[in-house]
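Below is one structure; the comments refer to it alone.
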Amino acid sequence: MKIETVAVHAGREIDPATGAIVPPIQMSTTYQRDADGGYSRSFSYTRPDNPTRHALETCIAQLEGGTEAVCFSSGAAATMAVFSLLNPGDHVLAPQECYYGTRQLLRDYLSRSGVRAEFIDMSDPAQLEARLKPETRLIWIETPCNPTLKLTDLKVAARCAHSVGALLVCDNTFPTPVLQQPLAAGADAVVHSSTKYFGGHSDVMGGAVIVNDAARATAVRAYQAVGGAVPSPFDCWLIRRSLATLPLRIRTQSASALEVAKFLHGHSRVERVCYPGLTDDPGHALALRQMTGFGAMVSVCVRGDARAAMAVAARTRVFTCATSLGGVESLVEHRASVEGPDTLTPQNLLRLSIGLENPQDLIEDLDQALKG
Numbered sequence: 001m002k003i004e005t006v007a008v009h010a011g012r013e014i015d016p017a018t019g020a021i022v023p024p025i026q027m028s029t030t031y032q033r034d035a036d037g038g039y040s041r042s043f044s045y046t047r048p049d050n051p052t053r054h055a056l057e058t059c060i061a062q063l064e065g066g067t068e069a070v071c072f073s074s075g076a077a078a079t080m081a082v083f084s085l086l087n088p089g090d091h092v093l094a095p096q097e098c099y100y101g102t103r104q105l106l107r108d109y110l111s112r113s114g115v116r117a118e119f120i121d122m123s124d125p126a127q128l129e130a131r132l133k134p135e136t137r138l139i140w141i142e143t144p145c146n147p148t149l150k151l152t153d154l155k156v157a158a159r160c161a162h163s164v165g166a167l168l169v170c171d172n173t174f175p176t177p178v179l180q181q182p183l184a185a186g187a188d189a190v191v192h193s194s195t196k197y198f199g200g201h202s203d204v205m206g207g208a209v210i211v212n213d214a215a216r217a218t219a220v221r222a223y224q225a226v227g228g229a230v231p232s233p234f235d236c237w238l239i240r241r242s243l244a245t246l247p248l249r250i251r252t253q254s255a256s257a258l259e260v261a262k263f264l265h266g267h268s269r270v271e272r273v274c275y276p277g278l279t280d281d282p283g284h285a286l287a288l289r290q291m292t293g294f295g296a297m298v299s300v301c302v303r304g305d306a307r308a309a310m311a312v313a314a315r316t317r318v319f320t321c322a323t324s325l326g327g328v329e330s331l332v333e334h335r336a337s338v339e340g341p342d343t344l345t346p347q348n349l350l351r352l353s354i355g356l357e358n359p360q361d362l363i364e365d366l367d368q369a370l371k372g
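Pasting the structure below:
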C-alpha cells in the first residue's frame, strides 16, 4: 500500500464488540489472566504493552518500512533507548549540529557510563570516514539537521557504519517517512520525536524507535518495559489519530516552506537562508537524491546580531514565537538563546516551523517583521 493508505488504515481495525470504525482507547492498566495463569489475549500489564499503543506502533512501523516500532513518552526517551544498546568503551559519532537535547545526553550522561561521543560535520563524507574507529559502535545522524538543515548522505553513512560493525541510527523527525525512508537507504534504526509531525497539533508528547531487526527490536522493547518511559493510552490514541493526515500535512507544509524560503532568499534584510529546496543550497543535490520533498523547516539568518533576530521574531503576528515544531500553526524561535552558551547555532538565526496557514499570509508577516 502507498503511504497515504498506510497512514489511514495501519493499526486501525473495526472494534469487534461495537462495530466502531474509530478504535476505542484502552485505559486499563492490568488484564485478566487465564485459568492456567497465562495471557492468551497477549496483554498482561500496561507498561510492557497496551492495545492502543500496539495500534500506534503497528502504524509507525509500516510508515517507516520497519519490522517493529517501539513507542516512548518522549523523543528524548526514544533516543535514550537507542543509547541503552551501548556499552562502556564504545565510541559514538554524532553531528556537530543536532538537536541540543541529543548532544546533552551524549556529552553529559552517556560519558558517565564510559561511552565516548565525538561530534563531527556529518555533511562531509571524508570527515565521517576519517573519524571511524574499531570501537565505533554507533553513528547517529540527523538529516536535515537541527537547526541549520545540513544534509548527511544516508548511503555513505550506512556504508561507513557497517564497515566497522556499527549501527547507523537516523533521527527522521524533520522529514518524516513521507519525505525520507532511512531504513530503505541502509539505516539500522530510525528515531522520531512523535511530539512534532506525528502528533502534528502541538498537544501531545511522544517518541518512537523503528528497527528492521528482530533481536534489536527485542532489546529496545526490553528497555521500554523495564525503563518505564511509556506513553499513556490517550497519548497513543491522539498520535495515531493524527497520523491519518500526516502525508497531507507534511506535503502542504513543505510546499509552503519552499515559497517562504524563496521569498526570504531575496530579502534585503536576510543574510542567509538554510533550506535544501533552494537550488543554491549546499544540500540541494543530495536532497533530490534521497528525499521526495524538502521539508517544512526553514532557518533564516537575519542581518545583525542576536538582538536583531529576536526583535524580528517579536514583531511577527501570524507566526508564534515558541519552542517546538511540526504543528498546524507556524512557529518562530531564536535557537541560540534556547541552546545555551555552548551553542554552535549562529546568533542571528531564526528557526521557522511552517504550518498550514496560507503561505502568502506567512510571507507578508515575515516581510513586515523584517522591515520593522
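Under this note's numbering, the very last position in the sequence shown is 372; numbers go up by exactly one each time.
Glycine included, every Cβ here is placed at the ideal spot set by N, Cα and C.
Q. Do VAL82 and ALA208 come within 8 Å of each other at the CB atom, strictly closer than that value?
A. no
(Q) Contact criterion: CB-CB distance below 8 Å. Does LEU105 meet it with respect to chain C? (A) The structure shown has no chain C; it contains just one protein chain.
Q | Beta-carbon proximity list for PRO233, same chain, < 6 Å, skipping 5 on both sides | A | ILE25, GLN26, MET27, ASN50, THR52
Q.
DSSP three-state label for SER234, please.
A. Reading the sequence as shown, one finds Phe at residue 234 and not Ser. Looking at PHE234 - three-state DSSP - the assignment turns out to be helix.
Q: Determine the closest residue to GLU339 out of MET1, THR102, PRO144, VAL300, with distance taken between C-alpha atoms.
A: THR102
Q. Using the C-alpha atoms, what's the distance from GLY11 back to LEU238?
A. 13 Å
Q: Would you check if the distance between the CB atom of GLN253 and the CB atom of ALA184 is smaller than 8 Å?
A: no
Q.
Quick check on the DSSP output: the beta strand (DSSP E) that includes ASP171 runs from which residue to which?
A. 167-171
Q) Where does ILE21 land, buried or exposed, given buried means 16+ other C-beta within 10 angstroms? A) exposed
**Q.** Delimiting residues of the beta strand (DSSP E) encompassing PRO95
**A.** 91-95
(Q) What ranges does the beta strand (DSSP E) occupy inside the region 176-233, keeping only unbroken runs of at least 3 residues that lie completely in it? (A) 189-193, 207-211
Q: List the residues that DSSP assigns as beta-bridge partners of SER299.
A: CYS274, ARG351
(Q) With H, G and I counted as helix, E and B as strand and the rest as coil, what does DSSP make of CYS59? (A) helix
Q) Taking the alpha-carbon positions, what's the ARG269 to LYS371 distance? A) 7 Å
(Q) Is the separation between the beta-carbon of GLY293 and that of ARG351 shorter than 8 Å? (A) no
Q.
Buried or exposed for ALA187, going by 16 or more other Cβ atoms inside 10 Å?
A. buried
Q | Span separating the alpha-carbon of LEU168 from that of PHE263 | A | 36 Å
(Q) Could you check whether the region 122-142 touches the region 159-174, counting it as contact only if at least three pairs of C-beta atoms, one from each stretch, sit closer than 8 Å? (A) yes
Q) Taking the C-alpha atoms as reference points, what is the distance between ALA189 and TYR100? A) 20 Å
Q) What's the call for TYR45, buried or exposed, on a 16-neighbour Cβ count within 10 Å? A) exposed
Q) Which class does GLU129 belong to by DSSP, given the choice of helix, strand or coil? A) helix
(Q) Please state whether the Cβ-Cβ distance between LEU278 and HIS267 is less than 8 Å. (A) no
(Q) Is the separation between the beta-carbon of ALA369 and that of VAL298 shorter than 8 Å? (A) no
Q | Continuous alpha helix (DSSP H) stretch holding GLU364: start and end | A | 359-371
Q. Looking only at DSSP bridge pairs, what is GLU333 linked to?
A. ARG351
Q | Where the alpha helix (DSSP H) containing ARG137 begins and where it ends | A | Note, ARG137: premise wrong, no alpha helix (DSSP H); beta strand (DSSP E) at 136-142.
Q) Based on Cα-Cα distance, which residue from ASP153, HIS334, GLY165, ARG241 lies nearest to LEU288? A) ASP153
Q. Since ARG289 is in the beta strand (DSSP E), which residue starts that stretch and which ends it?
A. Run containing ARG289: none in the beta strand (DSSP E); it sits in the alpha helix (DSSP H), 284-290.
Q) Whose CA, out of ASP121, THR323, LEU105, lies closest to the CA of GLY114? A) LEU105
Q) Which of the three DSSP states, helix, strand or coil, is assigned to THR320? A) strand
Q.
Here's the rule: buried if 16 or more other CB atoms are within 10 angstroms of the residue's CB, otherwise exposed. What is VAL226?
A. exposed
(Q) Taking the alpha-carbon of LEU149 as reference, which of THR173, VAL156, LYS155, LEU138 has the nearest alpha-carbon? (A) THR173
Q | Own chain residues within Cβ distance below 8 Å of GLY228, not counting five before or after | A | ARG47
(Q) Nearest by alpha-carbon distance to THR218: which of TYR31, THR67, PHE43, GLY19 is it? (A) THR67
Q.
On the CB-based measure, 16 or more other CB atoms within 10 Å of its CB, does LEU331 come out buried or exposed?
A. buried
Q) Where does ILE120 fall in DSSP's three states? A) strand
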